[in-house]
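Top line first, the protein sequences correspond to chains A and B.
Sequential numbering of the first sequence, starting at 76, is according to the numbering used here.
Sequential numbering of the second sequence, starting at 46, is according to the numbering used here.
Input: a single structure, listed below in structure tokens.
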Amino acid sequence: MIRSLLREPLVHFLLAGAAIYLGLTWFGDPVDPASRTIVLADEDRAGIALGFERTTGRPPTDAEMAGLVDRWVREEVLYREALRLGLDQGDPVVRRRMATKMDELASAAAETATVDDATLEAWLKDNPQRFAEEGTVSFDQRYFASESAARSAMGQANPAGSPISLPARAEDMQLREIREVFGQQFTEGLARLEPASDWQGPVASGFGWHIIRLTSREAGELPPLAQIRERVEADWRNATIAERREQAYQLLREAYRVETE
Amino acid sequence: MRKAWLMAGACLALAGCNMAAGDTASETKSGDGTDAIELAEFPDRPYWGDTHLHTDVSIDAFGFGVRLGPEDALKFARGDEVTATTGTKAQLARPLDFLVISDHSDGMGATRRLYDSPRMLVRDPTLRRWRDMMHESPEQSQRAVAELITAAANGDLPAALRDQARQAKATHDLWNKHLAVLDRYNEPGKFTAFAGFEWTLMPDGNNLHRVVMFRDGSAKTSQVVPFPGIDMKVEQLWDYMEAYEKDTGGQVLAIPHNSNLSNGIMFELVGPDGGPMTAEYARRRAAREPIVEATQIKGDSETHPFLSPNDEFASFGVAGWELGNLPLTHKSTDDMRAGSYVRSALLRGLTLEAQLGVNPYAFGLIGSTDSHTALATADEDNFFGKHTGTEPGPERAMESQNLGTRVGRFGWHYLAGGYAAAWARGNTRAEIWDAFKRRETYATTGPRMVLRLFAGFDFTAGDWGGDWVRAGYSRGVPMGGELTDSGKAPVFLISALKDPDGANLDRVQVVKGWVDASGKAQERVYDVAWSDMNGKRARAGGKIPPVGDTVNRSEATYENTIGAAELRATWTDPDYRRGQRAFYYVRVLEIPTPRWPLFDAKRFGVALSREVIENSVAQERAYSSPVWLRPARENRVGDAPPIMEGT
Chain A
76 MIRSLLREPL
86 VHFLLAGAAI
96 YLGLTWFGDP
106 VDPASRTIVL
116 ADEDRAGIAL
126 GFERTTGRPP
136 TDAEMAGLVD
146 RWVREEVLYR
156 EALRLGLDQG
166 DPVVRRRMAT
176 KMDELASAAA
186 ETATVDDATL
196 EAWLKDNPQR
206 FAEEGTVSFD
216 QRYFASESAA
226 RSAMGQANPA
236 GSPISLPARA
246 EDMQLREIRE
256 VFGQQFTEGL
266 ARLEPASDWQ
276 GPVASGFGWH
286 IIRLTSREAG
296 ELPPLAQIRE
306 RVEADWRNAT
316 IAERREQAYQ
326 LLREAYRVET
336 E
Chain B
46 MRKAWLMAGA
56 CLALAGCNMA
66 AGDTASETKS
76 GDGTDAIELA
86 EFPDRPYWGD
96 THLHTDVSID
106 AFGFGVRLGP
116 EDALKFARGD
126 EVTATTGTKA
136 QLARPLDFLV
146 ISDHSDGMGA
156 TRRLYDSPRM
166 LVRDPTLRRW
176 RDMMHESPEQ
186 SQRAVAELIT
196 AAANGDLPAA
206 LRDQARQAKA
216 THDLWNKHLA
226 VLDRYNEPGK
236 FTAFAGFEWT
246 LMPDGNNLHR
256 VVMFRDGSAK
266 TSQVVPFPGI
276 DMKVEQLWDY
286 MEAYEKDTGG
296 QVLAIPHNSN
306 LSNGIMFELV
316 GPDGGPMTAE
326 YARRRAAREP
336 IVEATQIKGD
346 SETHPFLSPN
356 DEFASFGVAG
366 WELGNLPLTH
376 KSTDDMRAGS
386 YVRSALLRGL
396 TLEAQLGVNP
406 YAFGLIGSTD
416 SHTALATADE
426 DNFFGKHTGT
436 EPGPERAMES
446 QNLGTRVGRF
456 GWHYLAGGYA
466 AAWARGNTRA
476 EIWDAFKRRE
486 TYATTGPRMV
496 LRLFAGFDFT
506 AGDWGGDWVR
516 AGYSRGVPMG
526 GELTDSGKAP
536 VFLISALKDP
546 DGANLDRVQV
556 VKGWVDASGK
566 AQERVYDVAW
576 SDMNGKRARA
586 GGKIPPVGDT
596 VNRSEATYEN
606 TIGAAELRAT
616 WTDPDYRRGQ
626 RAFYYVRVLE
636 IPTPRWPLFD
646 AKRFGVALSR
656 EVIENSVAQE
666 RAYSSPVWLR
676 PARENRVGDA
686 PPIMEGT
């Protein structure tokens, strides 16, 4: 518990905030928000050069690099001066941007954290509906342009049907695929049939009419984690990011009282 | 106050540390999906997707007001319900199988950053004015973007937006974050999320845009950033693509689109510098750009009535868009048409091939949306608009569209958008991308009809009785393929099956283009199968009687009491000549159905103007990629007669 708390960025944030607060209280006068020394580290230079290279496909020349650095310094000077002048105050955009950064901060760990199998097993168990394979159906179908033609073919041992570019035999076909290939109406009609050795129907579709020999219907199974680990992990991550943001917000929100006047 | 700033600083520093760790991705986790799923023996079904979608990362989409990002776009495309920017719930009736998010590389995220910048720090007066307009109101925001598009078209964007190095760092962060999201939503066998961007070259406002589509996951794609288009040349984009393939071992292709807004420069007979096209340019173009997007919200680019006067169905999605380029800074004239439409480009390709020994315009076809709402909608009854300003609302069909202009284009000119169908053996990045590369794709204007095309020399009607798909692949080539002239007329097996949840089919046509003995380009449309073709609609005097019209204008409904569920043809080219250089593609027409303005009128209870009502019923369609017939002996350079155009 303590261990996971220590990894929690929100805790880092609160601790860092507390430290700064203590520091400020300890030393009395508030320090200048932005120092007048601008340090351009090697990493900064490398970052600037890399940005250029990624765009243009070649490293910058010395002259270009000098220009890039000048621009970087200029931006930094103006940024610090803007802070000094308090230009961040009362600006709805800064407000929104900071709020977004808080959201990102809250979820940052979840975007990159490595996750163990136990967590994912639990996730899989708690959200089976997201990972269970869709049910599958096996059936033969014959197509007819009219309902009466379909009806009169029902009694035949080997009804031929009219030619159409739809599979005559579907072997363990997933429901989503049946919907895509045969359409919504057919899929609904198929759902009303029970497995039997006889031809059933007729069932209407967007194409016309079908008689169906439904040989089996299998409920979807939940695959083992090993088989779908990446999917589970991606889903866990997407959901955890959203959850972290909400939790962080609620934690902070509790400290506030909103009064409407 | 100062304390607050330090707190914020700590917060940013921590965020920075945490984010940095996410830059790396393993090849297995973020790959192209090879070996991830079991594959069918042949491409067994079309996979449906949109390769052209913008989110709030795009400079113009954000300005138009969209606040949904890539993650919302992916959720929506795979079938989830999301809340559109304007507050309505949005969901696809049927999920898509794949998606390319193609945000503009130029100023990627720049409008968002501009919007987010403190006002005092925006020093450029133009940028500052745009920033203020974006904050003022949605209408003003759209006006700002219209100005931005015009400025881009006129080549006078503020320097800050053209500054590559300055944009690069921001783009790099955004891109890597985006790639991680794509990998998380990519599910081999279920849903494919492609990395891509739109490259937005627009000299004089004339559209030379391409969507760039990567085959690979973030382990490879994170080694580059999207390549800027403004102030560039297309050869530089190809350089970038070649460098990507060489450096990473990955693969990438580019998809030109909206040639209808290019004022004749998308498919030129000459090289980009105005001199004769070189074989090298033609070779690179063919290699880099195997697919063209033929239909989307901003109109249809198949052909124009001026180019195809004998084609009675040539005017689909032409109205409004034929007036000029996107910002309407330059009007279109008839002499520009041949360079602006796909059919004439395919013809030019034949002519150039005879000259250069290589065909620069031997491309396959797809449709897409080009939606700027993060919502990949293409159904007429579920149209979420070109951008956030045209999301569902009572007036949108009749409103003037201020997309850089004040005249000529209105809401109803927008098509509901198209989709791309790819014949693949499974739903992975590798399988679908490879289908694009070999051109085994087709375009639709939204409906999901299933279109098969095989070309060979010995197909017969008897093949339909057996496993004709196997026969098609073993004794012929599918759409996108090439045949070598063998002295016999080519035979085609064509099957068009209606959208299972959509309208019946009116007819199937073969569009043939060829270069005749005098070197002149020719085209002809053959009706090869249609509903009731041996009954009431038997050919009379060379013409086929119209299929009819069951659309109820006030209710926005239609009846499938006319048309056919499937149309098949075994078609032999009756005008084949030995040694002829030709292409053949299939066009499928649905019966007439209501367009989106009729659904709007019904939903919002508004009365449409007479002009809109007259243009509110259409025959949705599909275009296959062509099959090419090539002479057995390739001409050597200089063999061919001088270039002459049939149009």
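Even glycine gets a Cβ: it sits at the ideal position worked out from N, Cα and C.
message: If you reduce the DSSP assignment to three classes, tell me which class Leu327(A) lands in.
response: Reduced to three states, the DSSP call for Leu327(A) is helix.
message: Does the CB of Asp546(B) have a neighbour CB from chain A at under 8 angstroms?
response: Yes, contact with chain A.
message: Quick check on the burial criterion: 16 or more other C-beta atoms within 10 angstroms. Buried or exposed for Asn231(B)?
response: Taking all protein chains in view, the Cβ of Asn231(B) is crowded by 16 or more other Cβ atoms within 10 Å, so the residue is classified as buried.
query: In chain order, what residues of the segment 265-281 of chain A put their CB closer than 7 angstroms to some CB of chain B?
result: Against chain B - using a Cβ distance shorter than 7 angstroms - the residues of the segment 265-281 of chain A are Ser280, Gly281.
- prompt: From Val278(A) to Glu296(A), what distance separates their C-alpha atoms?
  reply: Computed Cα separation, rounded: 27 angstroms.
task: Leaving out five residues on either side along the sequence, give the residues of the same chain with a beta carbon under 6 angstroms from the beta carbon of Gly76(B).
output: Closer than 6 angstroms at the Cβ level, and outside the excluded window around Gly76(B), lie Gly262.
- request: For Lys134(B), write down the residues that DSSP places opposite it in a beta bridge.
  value: Bridge partners of Lys134(B): Thr128(B).
message: Is there a Cβ of chain B sitting closer than 8 angstroms to that of Phe102(A), yes or no?
response: With a pLDDT of 48 at Phe102(A), under the threshold of 50, the modelled position of that residue is not reliable, and the figure given next carries that caveat. Answer no: the Cβ-Cβ gap between Phe102(A) and chain B never drops below 8 angstroms.
- prompt: DSSP on Arg648(B), reduced to helix/strand/coil?
  reply: If DSSP states are grouped into helix, strand and coil, Arg648(B) belongs with the helices.
query: Buried or exposed: Tyr331(A), going by 16 or more other Cβ atoms within 10 Å of its Cβ?
result: Result: exposed.
query: Near Arg497(B), which residues of its chain fall below 6 angstroms by C-beta distance, leaving aside the five closest residues on each side in sequence?
result: Scanning its chain for C-beta atoms nearer than 6 angstroms, with the 5 sequence neighbours on each side dropped, one finds around Arg497(B) the residues Ser540, in chain order.
query: Whose CA, out of Phe127(A), Arg328(A), Val256(A), lies closest to the CA of Gly142(A)?
result: The alpha carbon of Gly142(A) has as its nearest neighbour, out of Phe127(A), Arg328(A), Val256(A), the alpha carbon of Phe127(A).
query: Along chain B, which residues have their Cβ under 7 angstroms away from the Cβ of Arg306(A)?
result: Those are Glu232, listed as they occur along chain B.
task: To the nearest angstrom, report how far apart Tyr668(B) and Tyr464(B) are at their CA atoms.
output: Going from the Cα of Tyr668(B) to the Cα of Tyr464(B) covers about 11 angstroms.
message: Distance check for Trp616(B) and Ser576(B), CA to CA, integer angstroms please.
response: Here the alpha carbons of Trp616(B) and Ser576(B) stand approximately 16 angstroms from one another.
message: Which residues does DSSP list as the beta-bridge partners of Tyr459(B)?
response: Its beta-bridge partners do not exist; DSSP assigns none.
message: Is the separation between the beta-carbon of Ser385(B) and that of Asn305(B) shorter than 8 angstroms?
response: Yes; because the gap between Cβ atoms is below 8 angstroms, this pair is in contact.
message: Taking DSSP's pairing of strands, which residues face Thr602(B) in a bridge?
response: DSSP lists Asn597(B) as partners of Thr602(B).
message: Is there a Cβ of chain A sitting closer than 8 angstroms to that of Leu542(B), yes or no?
response: The beta carbon of Leu542(B) sits closer than 8 angstroms to some beta carbon of chain A.
- prompt: Helix, strand or coil: which one does DSSP assign to Thr237(B)?
  reply: Strand at Thr237(B).
- request: Run the CB neighbour count on Asn221(B), radius 10 Å, all protein chains shown included, and call it buried at 16 or more, exposed below.
  value: Under this definition Asn221(B) is a buried residue.
- prompt: Thinking C-alpha only, which one of Gly462(B), Glu604(B), Ala614(B) is nearest Val555(B)?
  reply: Just measuring C-alpha positions, the residue of Gly462(B), Glu604(B), Ala614(B) sitting nearest Val555(B) is Ala614(B).
- request: Give the interface partners of Trp509(B) over in chain A, defined as CB-CB distance under 8 angstroms, in chain order.
  value: The answer, in chain order, is Pro238.
- request: Answer with yes or no whether the minimum CB distance from Ala225(B) to chain A is below 8 angstroms.
  value: Yes, because at least one Cβ of chain A sits closer than 8 angstroms to the Cβ of Ala225(B).
- prompt: Glu476(B) and Pro523(B): beta carbons closer than 8 angstroms?
  reply: Note that the C-beta distance between Glu476(B) and Pro523(B) is not below 8 angstroms.
message: If the cut-off is 7 angstroms on Cβ atoms, which residues from the segment 285-297 of chain A count as contacting chain B, listed in chain order?
response: From the segment 285-297 of chain A, no residue has a Cβ closer than 7 angstroms to chain B.
- request: Using a Cβ-Cβ cut-off of less than 7 angstroms, give me the residues of the segment 464-494 of chain B that come near chain A, in sequence order.
  value: For the segment 464-494 of chain B, the set of residues with a beta-carbon nearer than 7 angstroms to any beta-carbon of chain A is empty.
- request: Please look up how many angstroms separate the CB atoms of Leu253(B) and Thr340(B), rounded, as I've assumed it's under 8 angstroms.
  value: With a Cβ gap of about 18 angstroms, Leu253(B) and Thr340(B) do not count as contacting.
- prompt: Of all Cβ atoms in chain B, is any one closer than 8 angstroms to the Cβ of Asn313(A)?
  reply: It does; some Cβ of chain B falls within 8 angstroms.
query: Any Cβ of chain B within less than 8 angstroms of the Cβ of Ala228(A)?
result: It does not: the Cβ of Ala228(A) has no partner Cβ on chain B nearer than 8 angstroms.
task: Whole angstroms is fine: what's the gap from Phe504(B)'s alpha carbon to Val536(B)'s?
output: Distance between the alpha carbons of Phe504(B) and Val536(B): 6 angstroms.
- prompt: Under 8 angstroms between C-beta atoms, does Arg569(B) make it to chain A?
  reply: No, Arg569(B) lies away from the interface with chain A (no Cβ there is under 8 angstroms from its Cβ).
query: Between the C-alpha atoms of Phe649(B) and Leu180(A), what's the straight-line distance to the nearest angstrom?
result: Across the structure, Phe649(B) and Leu180(A) are spaced so that their CA atoms are roughly 43 angstroms apart.
CA-to-CA distance, Ser213(A) to Leu199(A), given in whole angstroms: Straight across, the Cα-Cα distance linking Leu199(A) with Ser213(A) is about 27 angstroms.
task: Output the distance between the C-alpha atoms of Ala419(B) and Asp101(B), rounded to the nearest integer angstrom.
output: Straight-line Cα distance between these residues: approximately 7 angstroms.
message: Any beta carbon of chain B sitting closer than 8 angstroms to that of Gln216(A)?
response: With 8 angstroms as the cut-off, Gln216(A) does not count as an interface residue toward chain B.
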